[in-house]
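So the sequence shown is residues 26 to 113, counted in my numbering.
Let me begin by presenting the structure, written as structure tokens, before commenting on it.
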Amino acid sequence: MNRSVQDVGGSVLAVSQFTLYGDVRRGKRPAFDAAAPPEKARQLYEFFVQQIRTSGLRCETGRFQEMMNVELVNEGPVTILLDSGKAF
Numbered sequence: 026m027n028r029s030v031q032d033v034g035g036s037v038l039a040v041s042q043f044t045l046y047g048d049v050r051r052g053k054r055p056a057f058d059a060a061a062p063p064e065k066a067r068q069l070y071e072f073f074v075q076q077i078r079t080s081g082l083r084c085e086t087g088r089f090q091e092m093m094n095v096e097l098v099n100e101g102p103v104t105i106l107l108d109s110g111k112a113f
């Protein structure tokens, strides 16, 4: 976990999911009110992918706003939560 994707000669699979921004602070169902509108989200997604590719990494993508079945093999039981530091 101390080496980057570049260090290990890896690549990136970037799949967009609006469900990654579900607010579950109230009730049992996630709210997606604060998610970016589709066109803004697409721009952010494409910018993210371009930044990865500009860094020299291979980056494959899913299809924005499409139903997809994604299969992968994850090396290790690690899940990392990236927190913006914003207080809830």
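Using N, Cα and C, we set each Cβ at its ideal position, and we do this for glycine too.
Can you check whether the CB of threonine 86 is closer than 9 Å to the CB of serine 36?
no
For glycine 81, which residues of its own chain have a beta-carbon under 8 Å away from its beta-carbon, when the five flanking residues on both sides are left out?
Gln31
Skipping 5 residues on each side, what residues in its chain have a beta carbon closer than 7 Å to that of leucine 69?
Ala61
Could you tell me the distance, in whole angstroms, from the CA atom of glutamate 100 to the CA atom of proline 63?
32 Å
Leucine 97 by DSSP, collapsed to three states: which one?
coil
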